[in-house]
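>
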Amino acid sequence: MSLFLLFLSAFLVNNIVLMRFLGLCPFFGVSSKLDTAVGMGMSVIFVMVLSSVITWFLYQYILMPLNLVFLRTAAFILVIASLVQFLEIYFKKAIPGLYSALGIFLPLITTNCTILGVAFLNIDYGHSLIQTLVYSIGVSLGFTLALVLMAGIRMRIDTAPVPDAMKGLPIAFITASLMALAFLGFQGFLGLSL
Amino acid sequence: MLKTFIDGIVKNNPVLVLAIGLCPTLAVSTSAFNALGMGAAVIFVLTFSNLIVSSFRKVIPDNLRIPIFIIVISTFVTIVDYVMKAYLPGLSKNLGVFVPLIVVNCIILGRAEGFAYKNSVGKAVLDGLGSGIGFTLAIFIMGTIREILGQGTWMSIPGGFEGFKVLGQGFLNYPVLFMILPPGGFLVIAFLMGGIRYFEARRSA
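Protein chains in written order, with my numbering: chain X, -15 to 178; chain H, 162 to 366.
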């Protein structure tokens, strides 16, 4: 049950984009079309789950025993950057279909702060391996949800009369503000706060 | 030389004009003091990473430059993280995961790649200071607006100074809590950006 709560908390209550302000660059950068939003979301789910598990093992079995905890920032970012590079090469060779769907988003993911942020959060919260897995699935699904919702709304805003000065990013921020307000409603959900 | 410095603050303000480095700007600007702390950390990392990248620009091989930049940046981020944890534990707790996340802040990698790698040491340092101050200014303005409206105080320090009571006692009892919650952050930056665009358009018209 507590794993389910952890999942819900990561997915809705503490939505990584709208409540935690992580991953705002892709949230505003690739949310102007629905299909790119879905593609980005899928890549993030895949990379985040993989990288969270790998960084968890790296921290617990290499950095901790060797007393190298101070290297975690450098170690994590290098591991994530090389993982993304490796996935890109592997997909290109082995699964061209997947590569053509996700390929253009993969390089962008290295600088997506959700991936590194979730790796740090898993350590800071002291998650076990199972909790790490559940948490990263919840967070990445929450990211995808926010991104797809945003893309849907922005496609409508494109045809709406918006004051010149507010066109583009400013109106997207106001949309995000209203979405965050709606997600704030989940705060009382199940009475949990994490 | 001076133009490099001023451009980073005003014309190419990283947050309000170029819209990069948004995550820490929105997350940390719940109070003016937190915003200043984050700004100081970014100025330090940005200036020193620009200094190192620019000093070694002739020996850094072109196809390995990004990993090298990342290692340089993460070294300075680790220094900031540990110094802050030791001397300002309250601030460090408030900023939380956003201090180590300076590593993936697009402003820093962007300046290293776009400016420091191609320019002399003096220029690179000035550019780092300018962009860092531009970031700090933007985040400080947001922190000020959100703290005054959302809490009724200005420059309050956790566990220390309780802040200037800008809007009077009545406001302190019933602040606009919305402003320090996540939706308020999005709203404030929307109107700041919109305002800048409005005045730019009027000035050039």
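Where a beta carbon is used, it is the ideal one built from N, C-alpha and C, also for glycine.
Here the structure is a predicted model, which means the values were calculated and not measured.
If you draw a straight line from the C-alpha of G321(H) to the C-alpha of P250(H), how long is it?
Taking the straight line joining both Cα atoms gives about 12 Å.
> With 9 Å as the threshold, decide whether the Cβ of A164(X) is near any Cβ in chain H.
At least one chain H Cβ lies under 9 Å of A164(X).
> Quick check on L178(X): does DSSP put it in helix, strand or coil?
Per-residue confidence for L178(X) stands at a pLDDT of 44, beneath the threshold of 50, marking its modelled position as unreliable; the derived number appears in the next sentence. Correct three-state label for L178(X): coil.
> Step through the CB atoms of chain X and report whether any lies within less than 9 Å of the CB of A180(H).
By this cut-off, A180(H) is an interface position.
> For F222(H), decide whether its Cβ has a neighbour in chain X, counting only Cβ atoms nearer than 9 Å.
In the sequence as presented, Phe is not what sits at residue 222(H); that position holds Pro. P222(H) does not count as touching chain X.
> Can you tell me whether DSSP reads F347(H) as helix, strand or coil?
In the structure shown, F347(H) sits in a helix (DSSP, three-state: H, G or I).
> Only counting the same chain, and skipping five residues up and downstream in sequence, which positions put a Cβ closer than 8 Å to that of V233(H)?
The answer, listed in chain order, is S210, I213, V214, A273.
> With burial defined as no fewer than 16 other Cβ atoms inside 10 Å of the residue's Cβ, what is the status of D242(H): buried or exposed?
D242(H) is buried by the Cβ-count criterion.
> Below 7 Å on C-beta distance, what does S124(X) contact in chain H?
Residues of chain H passing the Cβ test: none, with the nearest at roughly 16 Å.
> Between the beta-carbon of V123(X) and the beta-carbon of V146(X), is there less than 9 Å?
The answer is no: Cβ separation not under 9 Å.
> Given a cut-off of 9 Å on the beta-carbon distance, is the pair F325(H) and A196(H) in contact?
Against a cut-off of 9 Å, the Cβ pair of A196(H) and F325(H) comes out as no contact.
> If A160(X) and M134(X) are in contact, beta carbons under 8 Å, what's the gap, nearest whole angstrom?
The Cβ separation is near 7 Å, so the contact holds.
> Measuring only the C-alpha atoms, how far is M61(X) from P344(H)?
Looking at the sequence itself, residue 61(X) is Ile, so the reference to Met does not match. Each residue's alpha carbon lies about 29 Å from the other.
> Any idea which residues DSSP pairs F325(H) with across the strands?
DSSP, once it has assigned bridges, lists W315(H) as partnering F325(H).
> Please look up how many angstroms separate the CB atoms of W98(X) and I64(X), rounded, as I've assumed it's under 8 Å.
Just to set this straight, residue 98(X) is Thr in the shown sequence, not Trp. That belief does not hold up - the Cβ atoms of T98(X) and I64(X) are roughly 11 Å apart, past 8 Å.
> Does A277(H) have its Cβ less than 9 Å from a Cβ in chain X?
Chain X, which has no Cβ nearer than 9 Å to the Cβ of A277(H), makes this no.
> Hey, F104(X) and L86(X): beta-carbon distance below 9 Å or not?
Their beta carbons are not under 9 Å apart, which means F104(X) does not touch L86(X) by this criterion.
> Could you check if A362(H) is buried or exposed, using at least 16 other CB atoms within 10 Å of its CB as the buried criterion?
Its Cβ having fewer than 16 others within 10 Å, A362(H) is exposed.
> Do you know how far the Cα of S190(H) is from the Cα of T314(H)?
So the two alpha carbons sit approximately 14 Å from each other.
> Between L333(H) and chain X, is any beta-carbon pair separated by less than 9 Å?
Cβ-Cβ to chain X under 9 Å: no for L333(H).
> Since M24(X) and V14(X) should fall inside the 8 Å C-beta cutoff, what is the C-beta to C-beta distance between them, to a whole number of angstroms?
Confirmed, about 5 Å.
> Helix, strand or coil, according to DSSP, for M48(X) in the structure here?
Correct three-state label for M48(X): coil.
> Would you mind stating whether F347(H) and G200(H) have Cβ atoms separated by less than 9 Å?
Contact: no.
> Just by C-beta distance, which residues in the region 222 to 250 of chain H are closer than 9 Å to chain X?
Listed by position along the chain: I227, P228, I231, I232, I234, S235, T236, V238, T239, D242, Y243.
> Give the residues of chain X in contact with L187(H), contact being defined as C-beta atoms less than 7 Å apart.
Result: F5, L8.
> Give me the residue from A351(H), L287(H), G311(H), I268(H) with the minimum Cα distance to P175(H).
When only C-alpha atoms are compared, the closest one is I268(H).
> Using beta carbons (cut-off 9 Å, strictly below), is P261(H) in contact with chain X?
With 9 Å as the cut-off, P261(H) counts as an interface residue toward chain X.
> Quick one: is F352(H) near chain X, going by C-beta distance under 9 Å?
So, interface residue.
> Comparing the C-beta of V265(H) with each C-beta of chain X, is any distance below 9 Å?
Yes, because at least one Cβ of chain X sits closer than 9 Å to the Cβ of V265(H).
> Using a 10 Å radius around the Cβ and a threshold of 16 neighbouring Cβ atoms, would you call S365(H) buried or exposed?
The residue in question, S365(H), is exposed, as its Cβ has fewer than 16 Cβ neighbours within 10 Å.
> For E361(H), which of helix, strand or coil comes out of DSSP?
Note: E361(H) maps to helix in three-state DSSP.
> Would you say P343(H) faces chain X, with C-beta separation under 9 Å as the test?
It does; some Cβ of chain X falls within 9 Å.
> Within 10 angstroms of the Cβ of S177(X), are there 16 or more other Cβ atoms? Answer buried if so, exposed if not.
Confidence in S177(X) is poor, its pLDDT being 49 and thus under 50, which makes the residue's placement too unreliable to answer from.
> Can you check whether the CB of G293(H) is closer than 9 Å to the CB of I204(H)?
Yes.
> Taking Y243(H) as part of the alpha helix (DSSP H), name the residues at either end of that continuous run.
Its alpha helix (DSSP H) spans residues 226 to 248.
> At a Cβ threshold of 9 Å, is F347(H) touching chain X?
F347(H) counts as touching chain X.
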